[in-house]
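Report on the structure given below.
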């Protein structure tokens, strides 16, 4: 006895759902652009933070020097 296997009948709605699974190229591109803009924003914030820290350190050093000069003037 010879038997042949036929592919199971697929419901047309199920076939359409399977074909539509996943993301379109446009969706991937939009997601990538949003991700890149977010990363650029984070990098910009980080560089501003480093710049602010440097300015704070310079201000602190200036205050320390001013206090040292004031102490020297008061001592004389």
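In this note's numbering, the protein residues as written are 4 to 79.
Every residue, glycine too, gets a C-beta built ideally from N, C-alpha and C.
Query	Result
For residue 79, does the three-state DSSP call read helix, strand or coil?	coil
Per DSSP, what kind of secondary structure is residue 38 in: helix, strand or coil?	helix
Can you give me the C-alpha to C-alpha distance between residue 25 and residue 64, rounded to a whole angstrom?	57 Å
Between residue 66 and residue 56, what straight-line distance do the alpha-carbon atoms span, to the nearest angstrom?	15 Å
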